[in-house]
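Asks: Chains as they are written, first to last, in UniProt numbering: chain A, 1 to 527; chain D, 1 to 238. Even glycine gets a Cβ: it sits at the ideal position worked out from N, Cα and C.
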Amino acid sequence: MSDFKLTEWIFTTDHKRVGILYLIGSLAAFGVAGCAAVYIRLNQLSPSGGLFSDPQNYNIALYFHGAAMILAFLIPGLTGFFANYLVPLMIGARDVAFPRINAFSVWLFFAAIVLALISLMVSDGPDVMWTGYPPYSVTTVGNTAFYVFTVHLLGFSSILGAVNFLVTILYMRAKGMGFNQMNIFVWTVLGAFVLQLIFIPVLASAVTMLLFDKYLGTHFFDPTGGGDVLLYQNLFWFYSHPAVYVILLPAMGVLFEVISTMAKNRVFNYKACVYGGVFGLILLSGEVWVHHLYVAGMPNWLRTGQMVTTLLISVPVGLMVISLWGTLYRAAITYNVAMHYACACLFLLLVGGLTGIPLAMTVLDLHLGETAFIHAHFHFVMALFATFSIFSGIYFWFPKMTGRVADSKPALIGFWLNFVGVTMTFTPLFIIGMQGMPRRYATYEQFPQFEPYHQMATLGAMVVVVGMLLTFYSWINGAIRGPKAAENHWRSKSLEWTHAPSPPGPGNFPGQDPEVAKEWTPYDYAR
Amino acid sequence: MPSLRRLMAVAVPMAMAAAPAMANGGTPHSQWDHLWGHVLLDLVVIGVVFGLGALWMMFRYRAKSPDDVGTGPKLTKAQAIGWALLPAAIFMADDFFLAAKGWSLFTVYRSAPADAMEIKVTGYQWYWEFDYGNGVVTQELKVPVGKPVVLRMTSPDVIHSFGLAEYRVKEDLMPGRVSWLWFVADKPGKTVATCTMYCGLAHSKMYSDVVAVPASEFHAWMESKVRQARATTDSSRG
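(1) Closer than 7 angstroms by C-beta to Ile200 (chain A): which residues in its own chain qualify, once you throw out the five before and the five after it? Chain order, please.
(2) For Val288 (chain A), does the three-state DSSP call read helix, strand or coil?
(3) Between Arg504 (chain A) and Lys16 (chain A), how many whole angstroms is the CB-CB distance? I'm expecting something under 8 angstroms.
(4) How about Thr355 (chain A) and His379 (chain A): are their beta carbons less than 8 angstroms apart?
(5) Here's the rule I'm using: 16 or more other beta-carbon atoms within 10 Å means buried, otherwise exposed. How should Gly25 (chain D) be labelled?
(6) Return the chain-ordered list of same chain residues with a C-beta closer than 7 angstroms to the C-beta of Val186 (chain A), the five sequence neighbours on each side being excluded.
(7) Counting only Cβ pairs nearer than 7 angstroms, list the residues of chain A close to Arg110 (chain D).
(8) Please check if any C-beta of chain D sits within less than 8 angstroms of the C-beta of residue 554 (chain A).
(9) Tell me, please, whether the CB atom of Gln44 (chain A) is closer than 8 angstroms to any CB atom in chain D?
(10) As a quick exercise: from A:Arg41, A:Asp524 and A:Val114, pick the residue whose alpha carbon is nearest that of Ala331 (chain A).
(11) Fully enclosed by the segment 62 to 127 of chain D, which beta strand (DSSP E) runs are 3 residues long or longer?
(12) Using the DSSP secondary-structure output, state which residues sit across from Phe130 (chain D) in a beta bridge.
(13) Pull up the distance between the alpha-carbon of Ala114 (chain D) and that of His160 (chain D), whole angstroms please.
(14) Are the beta-carbon atoms belonging to Glu445 (chain A) and Thr196 (chain D) less than 8 angstroms from one another?
(15) The beta strand (DSSP E) that contains Thr304 (chain A), what's its start and end?
(16) Taking its Cβ as the centre, do 16 or more other Cβ atoms sit within 10 Å of Trp301 (chain A), making it buried, or is it exposed?
(17) What are the residues of the segment 53 to 79 of chain D that lie near chain A, defined by any Cβ-Cβ distance shorter than 8 angstroms?
(18) If distances are taken between C-alpha atoms only, which option among A:Gly318, A:Ser323, A:Lys400 and A:Val516 comes closest to Met92 (chain D)?
(19) Is the CB-CB distance between Ala212 (chain D) and Val145 (chain D) below 8 angstroms?
(20) Residues of chain A with a CB under 7 angstroms from the CB of Pro87 (chain D): which are they?
(21) Compare the Cα-Cα distances from Asp127 (chain A) to each of A:Gly161, A:Asn59, A:Leu153 and A:Phe109 and report the closest residue.
(22) Please list, in chain order, all residues of the same chain as Thr261 (chain A) whose beta carbon is under 6 angstroms from its beta carbon, the five residues on each side excluded.
(23) How is Asp524 (chain A) classed by DSSP in three states: helix, strand or coil?
(24) Cα separation between Leu201 (chain D) and Gly142 (chain A)?
(25) Would you call the CB atoms of Asp172 (chain D) and Val138 (chain A) closer than 8 angstroms?
(26) Identify the continuous beta strand (DSSP E) that holds Leu181 (chain D) and give its terminal residues.
(27) Does the Cβ of Ala17 (chain D) have 16 or more other Cβ atoms within 10 Å, making it buried, or fewer, making it exposed?
(28) Using beta-carbon positions only, say whether Leu105 (chain D) and Val308 (chain A) come within less than 8 angstroms of one another.
(29) Using the Cβ count rule (16 or more neighbours within 10 Å means buried), how would you classify Ile20 (chain A)?
(30) Which residue or residues does DSSP assign as beta-bridge partners of Gly433 (chain A)?
(31) Is there at least one Cβ from chain A nearer than 8 angstroms to Glu171 (chain D)'s Cβ?
(32) Does the distance from the CB of Ile119 (chain D) to the CB of Tyr127 (chain D) come in under 8 angstroms?
(33) Name the chain D residues that come within less than 9 angstroms of residue 612 (chain A), Cβ to Cβ?
(34) Which value, in whole angstroms, describes the spacing of the CA atoms of Ser392 (chain A) and Tyr167 (chain D)?
(35) Between Met468 (chain A) and the rest of its own chain, which residues show a CB-CB distance below 8 angstroms, the 5 nearest in sequence each way excluded?
(36) Give a yes or no on whether 8 angstroms exceeds the smallest Cβ distance from Lys271 (chain A) to chain D.
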């Protein structure tokens, strides 16, 4: 660490350093948004508002928790950190196609995080939820502008990243590497960035119209001036449902890498996973947004049509699930901390994915929609699943990034506390959701019978706090004092382990450019 | 594929048995519970199969020595296509089965009976107002047992959502639009309608009692309310 120079990090165009900057930024956002989650849970300890009972602060915490977790942790963690650090290494490139644009992307991301944090300090901070629905977001005294500008900066950053990575993956693969020899993770990043490129402009236009309505007096969403309140919801979810797959796809990709390596097994039915799973999600993701508007008075035919497309999402996801499960079949598994998180992900995905089926059915959503049931569902399938996948990836590639191992007793105890804690937090929410507990409630005096469930959930959150502290400790301690890692610590067959030192220097690959043989695959363990 | 045949042997009669039950009806919310039971069973079966499968493989296929490698099958072209099309077909069969059941109940939810009684609902930040159309306006929703009730709903300020968990209904109220839902109370009792769309500071305090009473009691109450309402208008006309 003696050769650390701050300017080298600020002006870096190296994809690995840009990636680590993304990791630092997104984990910082995760920390603050996690504190907001604890605040929310403590507020639910009793029907009248628990330890704190200021609904305004509660609403701002809800806004910040949702917006920061999705926009500043999950998306940048997966498509910023993992994509940056791993894609060039996995495809045998020496950097991304446009390194300086890449550096610009990460600093736009930091500017957005700073803006989001400032929004917590101004008086009348944004209280518009991460969805920012008008007319509330227009009529509230809360500062909607911070929300809009944060989305602008992150969107700009993501579009630049999308162009960069699509070009990199399509044109900069190692000599001899065909599309069917790419890591599944690379495919999932490709899919995620295709979605970002297509759909972000829609979100950007929606929030811009919101800004104009609130501060310039236009009437895009104001029916008294000829506007329409539902226009915003349609535009918002036209982006934000695909955004779920921007998170799900790379999170799945990380799991495929961790599980195939630790199981020393080839990915089961690779082509079905890629051409059925990844491509299927790209094709279907833009035709299902109305399931977020099932109770918003949309026409009956549209609600029914998109019920069918939403249910059909189970086909591409199912194909990826079969490939993932199949990779365990006749495997030779060794368990490190990364593999613990990966195995937990299978169960989180199962619970989260299956509870999505009733929510896809319009008529069941007429009762379950906007309740704690939906809140528990998307936490399992998106929040918990993707977070556990990110943690799995961090432990897995820790030796690659630092040359040291972060696996330790605190890391393993942290894992179990996290897994037990999140299950304790979100399982009760399914139960009270079925009985009609609405989401986004600061108090619930009309439902005193739900108090024990909320207390159980809060207790679970406290367990997660301890687990997270141990997890962060294991990373910091591992980076400084962890045992030295072997060059290819988990004995992977993927290029980032076989051809690059740990940690890789500038230019990634010493000597000649990597080349791969015709029959080479990153999962070729049986040979 | 004997397992598939067995699955079909279970699923097809189940679908056929369920169909007349839906047609006979019962209240929409009792049909909702019935469908929910079916879907829950569907989920639990899939969840248990995949969950136990994963657990079993996690234990069964632990490496015996550090140099052990997996011997997962390398699929031939036909096997690969089969392993894509067959699961896709099973998932799609389940999807269309659920979609059909969901659609038929959704149709019930979206076709109010012709003899339904209509009440106008307005959502304000942060309270509900119920207008019975005869000058009677209340902040508690009172309905007669056995009579279908259509709620026609709108909002002058921000979006609200009228959620009535007891009767398994919910629909948003929006400025500039009128939305509607219907339900029928099958027995007397008191429950609560809550706002389920975030609408600001007192969102979680926006709720009203919903009381179902026998028809005779309802009419008596309504008559006294109408008399009250007339008296107020008369006195204000002075």
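Replies: On the basis of the data shown:
(1) Gly155, Ser158, Ile159 and Tyr239
(2) coil
(3) A quick correction: the sequence has Pro, not Arg, at residue 504 (chain A). Yes, Pro504 (chain A) and Lys16 (chain A) are in contact; Cβ-Cβ is about 7 angstroms, under 8 angstroms.
(4) no
(5) exposed
(6) Val87, Met90, Ile91 and Ile169
(7) Asn300
(8) The question about residue 554 (chain A) has no answer, for chain A in this structure spans 1 to 527.
(9) no
(10) A:Asp524
(11) 117 to 124
(12) D:Val121 and D:Thr138
(13) 27 angstroms
(14) no
(15) Counting along the chain, Thr304 (chain A) falls outside any beta strand (DSSP E), though it belongs to the alpha helix (DSSP H) covering Asn300 to Leu312.
(16) exposed
(17) Gly53, Ala54, Met57, Met58, Tyr61, Arg62, Ala63, Lys64, Pro66, Asp68, Val69, Gly70, Thr71, Gly72, Pro73, Lys74 and Leu75
(18) A:Gly318
(19) yes
(20) Gly318, Leu319 and Ile322
(21) A:Asn59
(22) Trp490 and Ser492
(23) coil
(24) 11 angstroms
(25) no
(26) Ser179 to Phe183
(27) Confidence in Ala17 (chain D) is poor, its pLDDT being 41 and thus under 50, which makes the residue's placement unreliable; the coordinate value appears in the next sentence. That one is exposed.
(28) no
(29) buried
(30) Answer is none; Gly433 (chain A) lacks a bridge partner.
(31) yes
(32) no
(33) Given that chain A is displayed from residue 1 to residue 527, the structure contains no residue 612 (chain A) and the question cannot be resolved.
(34) 43 angstroms
(35) Gly34, Gly414 and Asn418
(36) yes
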